[in-house]
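Down below is the structure, laid out as structure tokens.
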């Protein structure tokens with residue numbers, strides 16, 4: 051078991067601002083990731099004295115917490131936050147990091163009276179609120195996401211004056227966490243709009259079909275352009291990306307629970323060819339369907 055300490059990084063997909071760059075008391079890394087293909091799993095690790103918050107803007111994230119020899123898995127979806135507390139052992143297990151966008155930040159709680167430039171009373175109040183959050187997973191509203199995004203944008207300037215402004219946005223975000231509700235159903239994509247829910251229910255019931263966006267728009271009762279915009283606002287990802295994720299989950303189940311060939315699974319899920327299915331699967335799983343089956347159900351791998 052090891053402690054992971056990230057270094058400063060500034061690429062198109064990963065922007066990580068470390069403490070030695072922002073010099074804000076009580077703040078560890080502040081990062082923004084956005085990637086279009088799955089990344090390697092994160093092994094189980096911990097952070098000393100650090101409360102870590104992952105805020106998923108779009109996509110899906112599987113996380114594991116290890117305690118007393120057992121692991122608990124959590125599913126975080128778009129517009130949700132997942133929190134780990136100091137010294138908690140966590141990672142993604144064997145699960146890859148799926149395509150998506152997220153912000154992450156670490157709050158160093160080793161000195162409760164010196165957080166983010168706040169005075170002693172406000173700093174300790176924030177410390178108490180963070181350490182006693184009633185929920186590990188939270189629903190993020192549009193205002194909270196905009197506040198967090200503004201904070202990171204100011205930090206990205208890396209100038210002292212801009213970072214001071216960014217800290218104010220960050221404090222607003224952190225103090226508001228205590229008021230955020232948990233997801234209604236773990237592992238279920240929620241949408242407030244009943245018409246978007248109708249489209250989601252239809253997709254889940256027809257995951258093996260070839261669905262057209264126009265068909266889903268008709269089910270929702272919206273025009274195609276408004277449906278795509280409304281769906282992404284409600285769910286956090288496009289209808290096509292969401293449907294592909296459902297096919298991916300169905301594919302994993304068929305690969306590990308049936309002896310169907312890769313070709314048969316590809317056609318059963320509505321793919322035009324096994325090669326297209328394999329490339330789509332590898333983009334999310336970081337391995338081919340054959341390798342996935344071999345690793346998770348060795349007795350079935352000989353049927354391909």
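Residue numbers (this note's numbering): 51 to 354. Don't be surprised by glycine CBs; every beta carbon is placed ideally from N, CA and C.
Query raised in the report: Tell me, which residues are paired with residue 141 by DSSP?
Result: 114.
**Report entry** Top-ranked residue by Cα proximity to residue 277, from 295, 303 and 241
**Finding:** Checked all of 295, 303 and 241; the closest Cα to residue 277 is 241.
Report task. Give the straight-line distance between the Cα atoms of residue 55 and residue 271, rounded to the nearest whole angstrom. Result -> When the Cα atoms are used, residue 55 and residue 271 turn out to be separated by approximately 49 Å.
Report task. List the residues that DSSP assigns as beta-bridge partners of residue 100. Result -> Answer is 158, bridged to residue 100.
Query - Nearest residue (CA-CA) to residue 290, options 209, 304 and 262 - result: Checked all of 209, 304 and 262; the closest Cα to residue 290 is 262.
Report task. Check each candidate in 301, 176 and 258 and name the one with the smallest Cα separation from residue 161. Result -> Residue 176 is the option with its Cα nearest to residue 161.
Query - As assigned by DSSP and simplified to three states, the class of residue 169 - result: Of the three classes helix, strand and coil, the one that applies to residue 169 here is coil, per DSSP.
Requested in this report: Pick out whichever of 210, 212, 137 and 146 has its Cα sitting closest to the Cα of residue 181.
Outcome: When each option's Cα is compared against that of residue 181, the closest is 137.
Query - Nearest candidate by alpha-carbon position, reference residue 247, set 219, 342 and 292 - result: When only C-alpha atoms are compared, the closest one is 292.
Query raised in the report: Taking the Cβ atom as the reference point for each residue, do residue 422 and residue 166 lie within a distance shorter than 8 Å?
Result: In the structure displayed, the chain extends from 51 to 354; residue 422 sits before or after that span and is not available.
Query raised in the report: Smallest Cα separation from residue 84: which of 154, 336 and 217?
Result: Closest option to residue 84, Cα to Cα, is 154.
Query raised in the report: According to DSSP, what are the bridge partners of residue 130?
Result: Within the DSSP bridge table, the entry for residue 130 names 106 and 189 as partners.
Query raised in the report: Taking three-plus beta-carbon pairs below 8 Å as touching, is the segment 127-135 in contact with the segment 57-74?
Result: The segment 127-135 vs the segment 57-74: no contact.
Report task. Counting only the same chain and skipping the five closest in sequence on each side, list residues whose C-beta sits under 8 Å from that of residue 326. Result -> Cβ within range, chain order: 316.
Query raised in the report: Roughly how far, in whole angstroms, is the beta-carbon of residue 196 from the beta-carbon of residue 78, given that I think they are within contact range, below 8 Å?
Result: Rounded, the Cβ-Cβ distance is 23 Å, inconsistent with contact.
Report task. Determine the closest residue to residue 144 out of 306, 313 and 92, with distance taken between C-alpha atoms. Result -> Of 306, 313 and 92, the smallest CA-CA separation from residue 144 is found for 92.
Query raised in the report: Applying the criterion that 16 or more other CB atoms from any shown protein chain within 10 Å of the CB defines a buried residue, is residue 335 buried or exposed?
Result: With 16 or more neighbouring CB atoms inside 10 Å of its own CB, residue 335 falls in the buried class.
Report task. Measure how close the beta-carbons of residue 134 and residue 102 come, nearest whole angstrom, since I'm counting them as under 8 Å. Result -> About 5 Å separates the CB atoms of residue 134 and residue 102; that is less than 8 Å, so the two are in contact.
Requested in this report: Can you tell me which of 344, 337, 307 and 294 puts its alpha carbon nearest to the alpha carbon of residue 321?
Outcome: The residue with the shortest Cα to Cα distance from residue 321 is 294.
Report task. Give the single residue among 304, 97 and 140 whose Cα lies nearest to the Cα of residue 116. Result -> Selected option, being the one with the closest Cα: 140.
Report task. Pick helix, strand or coil for residue 150, following the three-state DSSP scheme. Result -> Residue 150 falls in the strand class under three-state DSSP.
Query - Helix, strand or coil at residue 249 according to DSSP, with G and I counted as helix - result: Reduced to three states, the DSSP call for residue 249 is helix.
Query - Beta bridge counterpart(s) of residue 120 as assigned by DSSP - result: Its beta-bridge partners are 117.
Report task. Find out if the Cβ-Cβ distance for the pair residue 187, residue 244 is shorter than 8 Å. Result -> At the C-beta level, residue 187 and residue 244 stay beyond 8 Å of one another.
Query raised in the report: Exposed or buried, residue 204, counting other C-beta atoms within 10 Å across all chains shown (16 or more means buried)?
Result: Only buried fits residue 204, as 16 or more other CB atoms lie within 10 angstroms of its CB.
Query - Proximity below 8 Å, CB of residue 201 to CB of residue 219 - result: Their beta carbons are under 8 Å apart, which means residue 201 touches residue 219 by this criterion.
Query raised in the report: According to DSSP, is residue 63 helix, strand or coil?
Result: Looking at residue 63 - three-state DSSP - the assignment turns out to be coil, as it is neither helix nor strand.
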